[in-house]
Amino acid sequence: MASDESQLRQQLDDLQKKLGKKQQFEAAVASISSIVREQYASAAPSLRNSIFQAITRVSTVLQSRYVAPYFWITGLNLFEETEQIVTGKTEKENIKKYIAKAREYLQENDSEAPAPPSRQPDNRYLFEGHLTVQQEPPPPAWLVAQRTAMTLEASMGESSNSEESEEFREQLMSQLIAAMNQVQESGDFESIIDASFMDGSTVPKRPPASKEVVANLPDEHNSCPVCRHELRTDDHKYESRKEREKEEEEERRGAANAVRGGEFMYI
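Terminal number for the sequence shown in my numbering: 306, no gaps in between.
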């Protein structure tokens with residue numbers, strides 16, 4: 040019996056040390072929660088005190104180290120579960136304080152989050168691999184002329200000679216003349232000639248400023264399309280995993296740069 044209590048105390052000490060590491064916090068809290076459910080009610084007063092000290096340590100670490108909501112949610116679940124099990128007056132009062140503090144923090148965190156803006160039509164377009172902040176410019180005159188000429192050529196190949204077809208062709212011809220005059224004024228002949236010979240295709244390439252291209256771009260994890268910085272999301276599990284991976288990567292880097300004597304050398 041004494042050896043079992045000694046092992047449990049040692050386990051609680053180890054778990055309290057793990058609370059200070061982001062990637063181990065949730066697992067440590069889960070283990071403490073399991074001990075509370077299975078051991079607290081039947082434990083001796085001194086052992087109960089050790090278990091409650093671990094719970095108090097969770098509250099202390101949250102207030103001094105962690106700001107991400109998912110850490111506080113994990114702690115709050117432990118506190119609420121413990122409240123249903125503890126019987127001592129002092130423990131009851133303390134656990135209520137921990138619960139109130141966690142709820143207050145989560146409420147403040149939610150209230151500080153900015154309300155999502157109303158959805159506006161996205162008029163940005165791709166330019167040299169980046170999304171602009173301005174609306175898509177009108178197509179150049181040479182492109183308008185080329186498209187109009189292609190449409191006119193296709194209509195000329197049709198056998199229909201109705202009045203509607205003739206009116207449509209006259210409209211296209213007027214548009215083509217206006218576009219060619221604009222090209223002539225801007226001196227953009229080289230562009231329209233080069234575009235006429237691209238890949239030998241009868242259909243012009245879609246410009247990078249196309250709204251269809253922008254609309255089909257992936258939008259995952261709130262990544263900034265310019266600097267690729269990943270903004271915080273509302274997915275607590277995803278944010279928790281991201282924090283753990285970041286912490287593990289830092290530890291791997293430190294271990295890779297470690298030298299004998301317990302010293303670290305960074306380049």
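We put the beta carbon where it would ideally sit given N, CA and C, even for glycine.
- L58 carries a coil assignment under DSSP once its states are collapsed to helix, strand and coil.
- About 15 Å separates the CB atoms of S72 and L101; that is not less than 8 Å, and the two are not in contact.
- About 4 Å separates the beta carbons of R283 and Q62, which is inside the 8 Å limit, making them a contact pair.
- The Cβ atoms of E278 and A107 lie closer than 8 Å to each other.
- N88: member of the alpha helix (DSSP H) spanning P84 to S103, first to last residue.
- Straight across, the Cα-Cα distance linking V183 with A218 is about 6 Å.
- Residue state for I124 is assigned as coil, using DSSP reduced to three classes.
- With respect to the 8 Å criterion, L86 and E44 are classified as neighbours on the basis of their beta carbons.
- P179 sits in coil when the DSSP states are folded into three classes, being neither helix nor strand.
- A Cβ-Cβ contact shorter than 8 Å links L54 with S70.
- Y105 and H275 do not touch by the CB rule: their CB atoms are close to 13 Å apart, not below 8 Å.
- Rounded to the nearest angstrom, the gap between the Cα atoms of A294 and S81 is 42 Å.
- When secondary structure is reduced to three states using DSSP, N296 falls in the coil class, being assigned neither helix nor strand.
- The three-state secondary structure of D274, taken from DSSP, is coil.
- Between the alpha carbons of Y144 and I134 lies a distance of about 15 Å.
- V68 sits close to V97, with the two beta carbons spaced by under 8 Å.
- Residue state for S213 is assigned as helix, using DSSP reduced to three classes.
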